[in-house]
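Chain order of the listed sequences is L and D.
So that you can map any letter, position 4 of the first sequence is 32 in the working numbering, and since no number is skipped, the others follow by simple counting.
So that you can map any letter, position 192 of the second sequence is 1194 in the working numbering, and since no number is skipped, the others follow by simple counting.
For reference, the structure discussed in these notes is given below.
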Amino acid sequence: MRDTEILDLYWARDEQAIAETQASYGKYCYSIAWRILNDREDSDECVNDTWMRAWNAIPPKRPERLNLFLGAITRNLALDRWKGQRTMKRGGGETMLALDELTDCVPAAHSTEDIVEAGELQRLINDFLHTLPERECNVFLRRYWYVEEYEAIAKRYGMKLNTVKTSLFRTRGRLRAFLEKEGVVL
Amino acid sequence: MKRQKEAMRIMEALSGVDAELLARCEAAEAGGKTADTEGVVCGKSGKNAARWRYLSRCAAVLALLVAGAVSWKGLEMLRSTQNDGDASGGVPEAAAIEYKSNMDLDNEWIGNGDNGSQFPESMISEGMITGEGVQRGDGQKQPASAATDTSVNAAGGTDLLDSVSALGGKDAPGVTGSLDGTEGSGVTGSLDGTEGSGVTGSLDGTRLGCDRQPGQTRSFRRHRRRQPRGRFENGGLLHVACEGADGGGSPAGRASGGVCAHSAAGGLCL
């Protein structure tokens, strides 16, 4: 089924939209989640959360490219889940869980500040990516958006493994210089 | 730990990357579809890869065209060389000289065509041929009639051996035919007897050890490859194939009056 038809189902609040989305983009979203989490159950849960987020977001949104919209949701969910797992491993006890629970008590101003900073950071990174050559930009996104392995990127673009590593190394250096030039402090 | 947290912020900021860039990244892999380890269908090749594939195909086609043109040009040059060779007689100097020497020898042995038993004056003057016969290379003497069988077996002379006269030269007053180079190979001439019963046939297939049939044409290059090696014996080119045989090709065989099998078959054994 085409994206427009799936979106029409979402807009009609037809639950068949979820099934069609699963059929069309289930593997795509699962691959994104699996590369970040490296766990089957967590990836499945992440994909199911993606459908729920999409169901809640459409309408009012009507994304032009449904796959990218769903992929971005999956990626954010996977990163959040990954951070949660990492906190659990690091704490290794109820103390860290308690601290994480206390983060909900952090004043909203701080969160707003983070959001603004995150938005500014997104804009700068977008500007930076637009300055890159197409291939270097694609390799960078493949590595840090899709979280693909070096070998997979090299195979995908017909490049040597060292070439991919070198390209990413140089792009990271450029990004660092770009952010420093823009006065970004993380 | 702090740096990883900052890196995570960049990672999260990447989630807000323009859909245009992601679309370009997705489109770059539109060349093919494959499945990764988790069975996820992903594109395999990017736009650049597809472009390079296209260029490589174009380069391959171009290379094939160049190779074809070069080979065709070479073939044309080869053909033109052959045509030039045919137009100028088609015989290299060495082959022409060799053939001419044989022709001269044959003409001397054949004489005016009236009597094939006439010997070259050069051989007579050198003492190789006496009234009793012909002195062979090994010093032995041989009757004149026996001496003619290996080199003038098709001459059609009346004094030749039976094997020679079997070729039709027994009653022939003379072989008026000539060895004509008609195709530039220099060996396509035929010995035609005007009145002989057997000499009238063409000897194309048998001269110089060539297995070519009468009337069959052949290019010079192939013929030259098949031209037998030989050595000069008594002014004639002794056929190597006949040399070791029991026939008249070998000195011993000729001394004993043997006949070269090649000659017996009707060929002109040189």
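Just so it is clear, CB atoms sit at the ideal spot from N, CA and C, and this is done for glycine as well.
Check your understanding: By Cβ distance, which residues of its chain are closer than 8 Å to Trp173(L), with the 5 residues on each side in sequence left out?
Key -> Arg103
Review point. If contact means a Cβ-Cβ distance below 7 Å, which residues of the segment 1056-1076 of chain D contact chain L?
Key: none
**Study point:** Under 8 Å from the C-beta of Lys111(L): neighbouring residues of chain D
**Key:** Met1010
Point to revise | Nearest-angstrom beta carbon gap, Ile86(L) and Leu35(L) [assumed within contact, 8 Å] | key: 7 Å
Point to revise | chain D contacts from the segment 52-70 of chain L (Cβ-Cβ distance under 8 Å) | key: Lys55, Tyr56, Tyr58, Ser59, Trp62
Exercise for review: State the DSSP-derived secondary structure class of Trp1074(D), mapped to helix, strand or coil.
Suggested key: helix
Exercise for review: Compile a chain-ordered list of the residues in the segment 140-160 of chain L whose CB is closer than 7 Å to at least one CB of chain D.
Suggested key: Ala146, Leu149, Gln150, Ile153, Asn154, Leu157
Check your understanding: Considering only C-alpha positions, which residue in the set Arg90(L), Ile101(L), Glu92(L), Leu157(L) is nearest to Arg200(L)?
Key -> Leu157(L)
Practice item. State the start and end residues of the unbroken alpha helix (DSSP H) segment that holds Val1019(D). Key: Premise fails: Val1019(D) is in no alpha helix (DSSP H) and is neither H nor E.
Review point. What is the rounded straight-line gap between the Cα of Leu107(L) and the Cα of Arg171(L)?
Key: 14 Å
Practice item. Specify the secondary structure class of Gly201(L) as computed by DSSP and reduced to three states. Key: helix
Check your understanding: Using the beta-carbon count (16 or more within 10 Å), is Cys1027(D) buried or exposed?
Key -> buried
Point to revise | Rounded distance between the beta-carbons of Asn95(L) and Tyr56(L), thought under 8 Å | key: 6 Å
**Study point:** Contact set for Glu43(L): own chain, Cβ-Cβ below 7 Å, skip 5 residues either direction
**Key:** none
Practice item. Output the boundary residues of the alpha helix (DSSP H) element that contains Asn166(L). Key: 162-172
Check your understanding: So, helix, strand or coil for Gly186(L), using DSSP?
Key -> coil
Exercise for review: Using the Cα positions of Leu207(L) and Ala1065(D), report the straight-line distance between them to the nearest angstrom.
Suggested key: 49 Å
Check your understanding: Which of helix, strand or coil does DSSP assign to Val212(L)?
Key -> coil
Review point. List, in order along the chain, the chain D residues whose C-beta lies closer than 8 Å to that of Trp39(L)?
Key: In chain order: nothing, as chain D lies at least about 20 Å away.
Point to revise | Exposure of Leu1067(D), with buried meaning 16 or more beta-carbon neighbours within 10 Å | key: exposed
**Study point:** Reference Arg63(L); option with closest CA among Glu177(L), Lys209(L), Thr32(L), Leu149(L)
**Key:** Glu177(L)
Review point. Taking Cβ-Cβ distances shorter than 7 Å, what residues in chain L pair up with Asp1020(D)?
Key: Asn154
Review point. Cβ of Glu1014(D) less than 8 Å from any chain L Cβ?
Key: yes
Check your understanding: Between Ser1017(D) and chain L, is there a C-beta pair that is closer than 8 Å?
Key -> yes
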